[in-house]
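J.: Protein chains in written order, with the UniProt record's numbering: chain Y, 1 to 614; chain E, 1 to 614.
Shown below is the structure under consideration.
2 protein chains.
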Amino acid sequence: MTSLGRDKLESTLRKRFFYTPSFEIYGGVSGLFDLGPPGCQLQNNVVQLWREHFIVEEDMLQIDGPMLTPYDVLDASGHVDKFTDWMCRNPKTKDYYRADHLIEQTLKKRLLDKDVDPLDHKRMEDALATIDGFTGSDLVRTMQEYRINDPVTNDVLDAPTPFNLMFQTNIGASGQSKAFLRPETAQGQFLNFNKLLDINQGKIPFASASIGKSFRNEISPRSGLLRAREFLMAEIEHFVDPLDKSHPKFDEVSDEEVPLLSRQLQESDEPHLPVRMAIGEAVKTGKVENETLGYYMARVHQFLLRLGVNKNKFRFRQHMKNEMAHYATDCWDGELLTSYGWIECIGCADRAVFDLTVHSKKTGKSLTVKQKLNTPKERTKLVLEVNKKLFGRKFKQRAKLIESALLSLSQDKLYNKHEELNKNGKLTFQTNGETVEIDQNLVSIEMKTTLQHTREYIPNVIEPSFGLGRIIYCIFDHCFRTRLDDDERTYFSFPLSVAPIKVFITTISNNEKFPSVMSQIVRTKEIYFKVDDSNTSIGKKYARNDELGTPFGITIDFQTLQDETVTLRERDSMRQVRGTVEEVISVIDKMVHDPINEFTWNKSTAGLLQVAVP
Amino acid sequence: MTSLGRDKLESTLRKRFFYTPSFEIYGGVSGLFDLGPPGCQLQNNVVQLWREHFIVEEDMLQIDGPMLTPYDVLDASGHVDKFTDWMCRNPKTKDYYRADHLIEQTLKKRLLDKDVDPLDHKRMEDALATIDGFTGSDLVRTMQEYRINDPVTNDVLDAPTPFNLMFQTNIGASGQSKAFLRPETAQGQFLNFNKLLDINQGKIPFASASIGKSFRNEISPRSGLLRAREFLMAEIEHFVDPLDKSHPKFDEVSDEEVPLLSRQLQESDEPHLPVRMAIGEAVKTGKVENETLGYYMARVHQFLLRLGVNKNKFRFRQHMKNEMAHYATDCWDGELLTSYGWIECIGCADRAVFDLTVHSKKTGKSLTVKQKLNTPKERTKLVLEVNKKLFGRKFKQRAKLIESALLSLSQDKLYNKHEELNKNGKLTFQTNGETVEIDQNLVSIEMKTTLQHTREYIPNVIEPSFGLGRIIYCIFDHCFRTRLDDDERTYFSFPLSVAPIKVFITTISNNEKFPSVMSQIVRTKEIYFKVDDSNTSIGKKYARNDELGTPFGITIDFQTLQDETVTLRERDSMRQVRGTVEEVISVIDKMVHDPINEFTWNKSTAGLLQVAVP
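As structure tokens, this is what we get:
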């Protein structure tokens, strides 16, 4: 879609109150949006489909936690340090710009200049290709190198500085308890790992899930609904044994073809076109790291198609090495093509042990799985033992403290102390800031073999994460159509399950006998009818309901009064059929309750009278 | 329920992970809670029932807006000034107490003292009865009068000071854009009034609705789930013509009996017991102010009974005059009785024109309904007219500005100017900080009669507001039971539509042939089964699923392998029947899809073999 198409799309969305900028009568706040009734209903439908497709189908453990999150939690997770964008300030106007966006925007414009030196051209293209992996100092350097100024005023900007994107607040009356609004829904799932494992009867693998709002204090949000400061997310944390990342249902999806833009393809000089490949093949050949990650990618693909996204405007793009978090094993972004370019809507990452480890370290609480071993395992390791009597006599009340510090030494350190003891007949070590010297008659360090009856391990986490708000915008973008014969007549071809309203029902004119017939029909069935009793022409009613993406319309006309038949109209083809109320409702019923799209319009209406539309 | 019962209730809720304090491994944050899988599913069910009962049934316009809300909006709504609690600080320990809670707690304790002077006794009782309406200075005075100290340390406390209960943050990079987390979901609905009216084709009455999280920075939250700092709300704003507050569907509910504790009853010396009365009668006799308010009270009552609350533990308590906002016409709180006393869970208020007026004033945007009059109305008023030619000659480029300032004068002011003009032959007035003198040949002010073809008015707002989190806690409280013969065996008697899991399915033992039979049954029907394949006795499985409030259990046993029959167990009666898988599923099906509770257990299982339970 061109940006003209985008303007038309966004004006239709606003005209029909799918959404509106929030607080508009107060001048609005950029990056905040209200969903109006059709947008809200569509969002409900998407959430419901997500819940069915993932939580119910996979028997996931859903939890719902607060958005307010204490400082310590997000410090441990790395968000306090790393959830930042770099921003440049115009010291005169006090406007702020996101450094990476500014560089992209400026270099793209300069590339259009025909007089640009070929060498410079290449350098700018390289910068653009790798900017997603730029560090802060890369950004500072690039801003200087290309002398990038304020794009509006051409003022010289301050050098980029990091800006934490979390909204900060305080909990309680004292103002001492610093907290943030969560940037994602995942942390609550990690923190509850032990409880989740417990209600899953200690069994692994299992998945948890959360649906809810998250927050990101964007520096200067543009791109409409795609860059919201408050947005709906859905996240899955799948906990799995690091030694076995197979998925019990992988066979069910292994034939699913997904479009993969691998790291290798992105590094090549070829055009960056994804390759369609069965996910089974992708895992077998090592393109995708493991079965569980592959399983979710296939399920994500199926989910998006159910929502009505254009399958040719979707790809999984693998993270480049410099883009991926250091702890992650593999990561693929589900991206959708819109008039704003390719938009990251979903992330599928194997995050290994990172999350559980950081929270366990920070709190001192163990977040592990204890697996009973059928055959106990021998383990040989260095063991330090203390002669308690002599130790107590020498260190008195400090004895316990020193002993426990010694017993917590790692195998590496024990090895060094063992060497030291052999060499010097004593060992020295630091605890509580003092140096303690321990004679060889007080301790022994020896290699011993023990039998282990349980295996204790930190599970790995595979995380499919969904930006539902962004996905909804892409549904709008992909389903927006104009009529072949009239550019001004637009409509949304939402799938039946996504459409805010399934059927509108109206009358051909204002005859006084019509309303009672109408209410009779509405009461017949529970299908979510919406009555359109506006005082306007039937053509305008059709046009309005097309813009709302309502798949079907029932019209009551004068013939209805004679033979109780009504017309049923289909949105995309604009074809109409006529039948009794019962027949028409039965047709709609079939199509609404049809998870596998077996009942097409043609098949379902075959027995009814086809109406010629002028 | 005694507080012993409460401990048991809360430990069961935590054991089965209905909820847990958030961030528990970090030490927790009081007033923040996570819902675990059963709690989350129960919450989903309650939200779904609310949506069906209100939004779908009444064709309401749902909107979904951000929690982040700019300062100006909440300044206009009055929350910046008035959404406060008074707190007392212990200057030594730095602990904070809510002044009203502290007074209540202390006086209640002192009343138990047998030596208290009868006059003091009466005064303390009076204070307790009216404390909900106390102003800040009432609280300061009472704290001093009774010399109320820190209940833990007995330290003297600082005098109470107001504390705003909204969480504060900043939007954007500059830190200049002060914002709050919304304390309720209503404001977004008021701000969108014009758009809502527009998509409702300009017709009134109509209702909008929002479901979402709101926030309240409680000073020192106790009372568990009832005093959360972040909580789920659902709010309806019903916009109505102030001259006609009838409700088109009132007749459908007028016989609904609701328990009313009127203002009058609360002021009487009688015990404060509510009176059951048909809502039609209550509106007719003026006990409830109007039909629309009464309609919602009846619908709220129906809703709560569907959720399984005990009808004898519910009342509508009318606000006392000093409790009610100055602009409100009438207000009734829906209160539920729990071990913490009567808890306000729902508010039903007629807020008149307050909300639309304050936002209209602050923004200068009109938020009104324009109604076309069938017969135009005469209206006589003072009209100011300007001699444009002379005016232009005199004021030059300032002419337009001064003219428009004159034309916007209210009728009151015009009257004064009219007098002034008659008396002095000129008028003076202030605009843009300067005093302008206008001679009588430049303007005229005269009484004129005009014909009005439209009526323009600010609609009144009737607001039913639901604390869904609190309602959920009350469901837990009201549905918690212990078995007659064993105090330690507890269960939740949730209604089928509320229960997190409808049916669990399990096997009598670990026979290797059972799992395939089980998966066959699970696949037969879409009913939300939960498999319990834990490695424990059948008795323990029943006990666990009782604690989860699962209404039905299917057990596969050795007879199943012979004749394909299974047992079906009902939670409350613990009765069991046996039938073929098909029969049993058909029984469950009937009961699950039975909105009017027609299919009782006895009726539905009449044809099946009754199993004697030991």
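A virtual CB, placed ideally from N, CA and C, is assigned to each residue, including glycine.
1) Val592 (chain E): which of E:Tyr528, E:Gln576 and E:Ser537 sits nearest, CA to CA?
2) So, under 8 Å CB-CB, Lys328 (chain E) and Arg351 (chain E) are touching, yes? Tell me the CB distance rounded to an integer number of Å.
3) Throw me the rounded Cβ distance for the Pro162 (chain Y) and Met143 (chain Y) pair, which I believe falls under 8 Å.
4) For the stretch 219 to 236 of chain Y, which residues have a beta carbon sitting closer than 8 Å to at least one beta carbon of chain E?
5) If you measure from the beta carbon of Ile521 (chain E) to each beta carbon in chain Y, is any gap under 8 Å?
6) Give the residues from the stretch 147 to 176 of chain Y that approach chain E closer than 8 Å (Cβ to any Cβ), ordered along the chain.
7) Would you list the one or two residues that DSSP bridges to Trp332 (chain E)?
8) Select from E:Leu9, E:Thr69 and E:Val581 the residue whose C-alpha is nearest the C-alpha of Ser214 (chain E).
9) I need the DSSP call for Ile604 (chain Y), collapsed to helix, strand or coil.
10) Going by C-alpha distance, which of Y:Lys394, Y:Ala76 and Y:Leu61 is nearest Lys195 (chain Y)?
11) Can you tell me the Cα-Cα spacing of Cys331 (chain E) and Ser262 (chain E), whole angstroms?
12) Buried or exposed for Ser604 (chain E), going by 16 or more other Cβ atoms inside 10 Å?
13) How close, in whole Å, do the beta carbons of residue 652 (chain E) and Arg455 (chain E) come, if the pair is a contact with beta carbons under 8 Å?
14) Exposed or buried, Arg393 (chain E), counting other C-beta atoms within 10 Å across all chains shown (16 or more means buried)?
15) Please report whether the beta-carbon of Arg37 (chain E) lies at a distance below 8 Å from any beta-carbon of chain Y.
16) By the three-class DSSP mapping on this structure, what secondary structure does Phe552 (chain Y) have?
17) Alpha carbon to alpha carbon, what distance is there between His79 (chain E) and Arg470 (chain E)?
18) Let me know the secondary structure DSSP gives Thr435 (chain Y) once reduced to three states.
19) What separation, rounded to the nearest whole angstrom, lies between the Cα atoms of Phe354 (chain E) and Gly347 (chain E)?
20) What is the DSSP secondary structure of Asn416 (chain Y), counted as helix, strand or coil?
21) Only counting the same chain, and skipping five residues up and downstream in sequence, which positions put a Cβ closer than 6 Å to that of Lys448 (chain Y)?
22) Which residue's Cα is closest to the Cα of Arg51 (chain E): E:Asn90, E:Ser210 and E:Phe552?
23) Can you tell me which of Y:Gln559, Y:Phe558 and Y:Gly579 puts its alpha carbon nearest to the alpha carbon of Leu568 (chain Y)?
24) Between Arg182 (chain E) and the rest of its own chain, which residues show a CB-CB distance below 6 Å, the 5 nearest in sequence each way excluded?
25) For Asp72 (chain E) and chain Y, any beta-carbon pair shorter than 8 Å?
26) Beta-carbon of Val358 (chain Y) versus every beta-carbon of chain E: anything under 8 Å?
27) Identify the continuous alpha helix (DSSP H) that holds Pro70 (chain E) and give its terminal residues.
28) By how many angstroms is the C-alpha of Arg222 (chain Y) removed from the C-alpha of Asp126 (chain Y)?
29) With C-beta atoms as the reference, is Ser22 (chain E) less than 8 Å away from Leu13 (chain E)?
30) Check whether chain Y comes within 8 Å of Cys40 (chain E), counting only Cβ atoms and requiring the distance to be less than that.
31) Here's a check: name, in chain order, each residue in its chain whose Cβ is nearer than 7 Å to the Cβ of Arg229 (chain E), leaving out the five neighbours to either side.
32) For Phe180 (chain Y), count neighbouring Cβ atoms within 10 angstroms of its own Cβ and tell me buried if that reaches 16, exposed if not.
33) Does the beta carbon of Val29 (chain E) come closer than 8 Å to any beta carbon on chain Y?
34) Compare the C-beta of Asp594 (chain E) against all C-beta atoms of chain Y and say whether one is closer than 8 Å.
35) For the 8 Å Cβ check, are there 3 or more pairs between the stretch 239 to 251 of chain E and the stretch 458 to 468 of chain E?
36) Is DSSP giving Gln189 (chain E) helix, strand or coil here?
T.: A quick look at the data gives this:
1) E:Tyr528
2) The amino acid occupying residue 328 (chain E) in the given sequence is Ala; Lys does not appear at that position. Going by Cβ atoms, the distance from Ala328 (chain E) to Arg351 (chain E) rounds to 6 Å, so yes, they are a contact pair.
3) Incorrect: roughly 14 Å between the Cβ atoms, too far for contact.
4) Ile219, Ser220, Arg229 and Glu230
5) no
6) Phe163, Phe167, Gln168, Thr169, Asn170, Ile171, Gly172, Ala173 and Ser174
7) E:Gln318 and E:Cys348
8) E:Thr69
9) Before going on, a small fix: residue 604 (chain Y) reads as Ser here, not Ile. Three-state DSSP puts Ser604 (chain Y) in a helix.
10) Y:Leu61
11) 10 Å
12) buried
13) Nothing can be reported for residue 652 (chain E): it is not among the residues displayed for chain E, which extend from 1 to 614.
14) exposed
15) Correcting the residue identity first, residue 37 (chain E) is Pro in this sequence and not Arg. True, the Cβ-Cβ gap to chain Y drops below 8 Å.
16) strand
17) 22 Å
18) strand
19) 16 Å
20) helix
21) Val383
22) E:Ser210
23) Y:Gly579
24) Met67, Thr69 and Ser214
25) yes
26) no
27) Looking at the DSSP string, Pro70 (chain E) is not in any alpha helix (DSSP H); the run it does join, the beta strand (DSSP E), is Leu68 to Pro70.
28) 25 Å
29) no
30) yes
31) Gly31, Leu32, Phe215, Arg216, Asn217, Glu218 and Pro221
32) buried
33) yes
34) no
35) yes
36) helix
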